[in-house]
């Protein structure tokens, strides 16, 4: 099948449709508006529902309702809109419902700006809403990878009956790359015996996050924690790019990882042993990727489009056995290869303070 | 082959679509390509630029921070991005709208009165493709045929009558560089 040139945001939309998603509730915000724009056209073509809500608060509650009724459902937004959704996300986790939430991150805090950033890492991986919860966070780095990951996003949401977040940034949403869409497959959505589908005389299905008796809520929390532990065990994903023999290992995700790959390429051409670990799941963080590297790598350098958030997970994953340095640009600015290369040089020369 | 091309100008000058055309042509020729816009809150009249990478190996970073070629469609773009061009690179200046010269001496600079030339061939909107034609001649990054093929795919059918004048613009750019006796690099 021929390749087509597609924007990242459009690829999310097409990937979702191909994964069997037929319900999208959203509200426009740059830099993800091409996604609702695409689905406004595409959903009616496949008999799906596209609805622009009056706010992000309404959006996430529509997702909650649709998921509770058994739909394969998605919403998307960027920073400020995702913040508005946090209460609803917590409810969806509490009620154990599957859905996909897309955050094409932009500069913050507050209204910030519309330029690309990765500064919602804490919010995504620590649970931006209230209560004791986790969710799988996927971080693609190319338009093709978006297409490939969308099916997984919905399947993982179903497997664990938990929201899955796809975390990108403005660059990834706006850039165009060739993609191979492949054949459209028939999608099998797993049965949802728990869904609230009307009074049909069977057992009662209650979609709810209220456990008013503390003994009951504790049991619920322990059951949820077992699910999160299973995710941590089974779902860590990462790309290892020449890290096995690297003296210095870069750690970056999404667009920052693309920039770092260019730096690794340059270093390798010059004979410097530099590699990259690119987390594909921000949560669960791919701790497993770091275990063998503790025997081979002398330094780690985390590169982010923030003031340093994932770097804390890298320090945990390396148990601080090795120095973990940080380089970041923020506020919508991008790290450029030349500057990351300079930071690498400095560390290799032994001149960088932790 | 690795070309990282930065195209910059005013919003409304067709900077983003010219970049898409180039990326599309690269894809048709089987290259790895990436297109990345700077997106601002402005519409027409604001600044706009996009980076296009075309390579024969997978593209590590789509971010064009050190272009091999800069196409400057207006003066602020030349002033802003000239320092970033790689040594030995290329700057194509739309001298219809830019009344200053580039300062760099370690890059090749070509001045093209694209707007006047576009008027001369009967359509002021094809200025970009005159410069694109010059780029193709100097760098050989894609063929004119691939760009024409891309136009056919990107333009809706009711605009296909514009393809011949666009082709003429590409060829005019190519001729301008040939007249200078340039060699492909």
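Protein chains in written order, with the working numbering: chain G, 45 to 398; chain F, 85 to 269. Backbone N, C-alpha and C fix where the C-beta goes; we use that ideal spot for every residue, glycine too. Just so we're clear, the structure is a prediction, and the values are computed from it rather than from any experiment.
Burial state of residue i, where buried means 16 or more other Cβ atoms lie within 10 Å
| i | result |
| --- | --- |
| residue 89(F) | buried |
| residue 354(G) | buried |
| residue 99(F) | buried |
| residue 86(F) | exposed |
| residue 252(G) | exposed |
| residue 264(F) | exposed |
| residue 242(G) | exposed |
| residue 107(G) | buried |
| residue 85(G) | exposed |
| residue 242(F) | exposed |
| residue 97(F) | buried |
| residue 311(G) | buried |
| residue 208(F) | exposed |
| residue 180(F) | buried |
| residue 145(F) | buried |
| residue 365(G) | exposed |
| residue 138(F) | buried |
| residue 100(G) | buried |
| residue 226(G) | exposed |
| residue 160(G) | buried |
| residue 363(G) | exposed |
| residue 244(G) | exposed |
Cβ of residue i within 7 Å of any chain F Cβ
| i | result |
| --- | --- |
| residue 348(G) | no |
| residue 218(G) | yes |
| residue 147(G) | no |
| residue 309(G) | yes |
| residue 378(G) | yes |
| residue 161(G) | no |
| residue 398(G) | The predicted model places residue 398(G) with a pLDDT of 49, which falls under 50 and marks its position as unreliable; any figure quoted below should be read in that light. It does not: the Cβ of residue 398(G) has no partner Cβ on chain F nearer than 7 Å. |
| residue 303(G) | yes |
| residue 306(G) | yes |
| residue 314(G) | no |
CB contact flag (residue i, residue j, <7 Å)
| i | j | result |
| --- | --- | --- |
| residue 336(G) | residue 330(G) | no |
| residue 281(F) | residue 155(F) | Residue numbering for chain F in the displayed model covers 85 to 269; residue 281(F) lies beyond these limits and cannot be assessed. |
| residue 262(G) | residue 205(G) | no |
| residue 197(G) | residue 117(G) | no |
| residue 200(G) | residue 193(G) | no |
| residue 341(G) | residue 293(G) | yes |
| residue 148(G) | residue 122(G) | yes |
| residue 149(F) | residue 380(G) | yes |
| residue 213(F) | residue 250(F) | yes |
| residue 190(G) | residue 75(G) | no |
| residue 79(G) | residue 57(G) | yes |
| residue 176(F) | residue 218(F) | yes |
| residue 301(G) | residue 349(G) | no |
| residue 196(F) | residue 222(F) | no |
| residue 151(G) | residue 375(G) | yes |
| residue 32(G) | residue 344(G) | A question about residue 32(G) goes unanswered here, because the residues of chain G that appear run from 45 up to 398. |
| residue 112(F) | residue 255(F) | no |
| residue 132(G) | residue 104(G) | yes |
| residue 115(G) | residue 71(G) | no |
| residue 180(G) | residue 279(G) | yes |
Cutoff 7 Å: residue i Cβ touching any chain G Cβ
| i | result |
| --- | --- |
| residue 171(F) | no |
| residue 314(F) | Given that chain F is displayed from residue 85 to residue 269, the structure contains no residue 314(F) and the question cannot be resolved. |
| residue 121(F) | yes |
| residue 88(F) | no |
| residue 85(F) | no |
| residue 145(F) | yes |
| residue 261(F) | no |
| residue 139(F) | no |
| residue 118(F) | yes |
Where the beta strand (DSSP E) through residue i begins and ends
| i | result |
| --- | --- |
| residue 51(G) | 48 to 51 |
| residue 192(F) | 192 to 196 |
| residue 382(G) | Not the beta strand (DSSP E): residue 382(G) falls in the alpha helix (DSSP H), residues 381 to 392. |
Where the alpha helix (DSSP H) containing residue i begins and where it ends
| i | result |
| --- | --- |
| residue 129(G) | 123 to 138 |
| residue 116(F) | Not the alpha helix (DSSP H): residue 116(F) falls in the beta strand (DSSP E), residues 116 to 122. |
| residue 169(G) | 165 to 170 |
| residue 88(G) | 78 to 89 |
| residue 299(G) | 298 to 313 |
Chain A residues whose Cβ lies nearer than 8 Å to that of residue i
| i | result |
| --- | --- |
| residue 381(G) | As a matter of chain content, chain A is missing from the structure shown, whose protein chains are G and F. |
Which of the residues in the segment 275 to 296 of chain G, read from start to end, lie with their CB under 8 Å from any CB of chain F? none
With 9 Å as the C-beta to C-beta threshold (strictly closer), list the residues of the segment 147 to 158 of chain F near chain G in chain order. 147, 149, 150
Check each residue of the segment 185 to 201 of chain G: if its Cβ is closer than 9 Å to any Cβ of chain F, include it; give the result in chain order. 186, 187
Against chain F, which members of the segment 121 to 133 of chain G pass a CB distance test of less than 8 Å? none
When you check each C-beta in the segment 223 to 242 of chain G against every C-beta of chain F, which residues fall closer than 7 Å? none
The segment 47 to 58 of chain G: positions lying closer than 8 Å to chain F by Cβ: 47, 49
Listed from N- to C-terminal order along the chain, which residues in the segment 168 to 201 of chain F have their beta-carbon within a distance smaller than 8 Å of any beta-carbon of chain G? none
Listed from N- to C-terminal order along the chain, which residues in the segment 205 to 232 of chain F have their beta-carbon within a distance smaller than 9 Å of any beta-carbon of chain G? none
Given a limit of 8 Å on CB to CB distance, which residues of the segment 86 to 112 of chain F reach chain G? 104, 107, 108, 111
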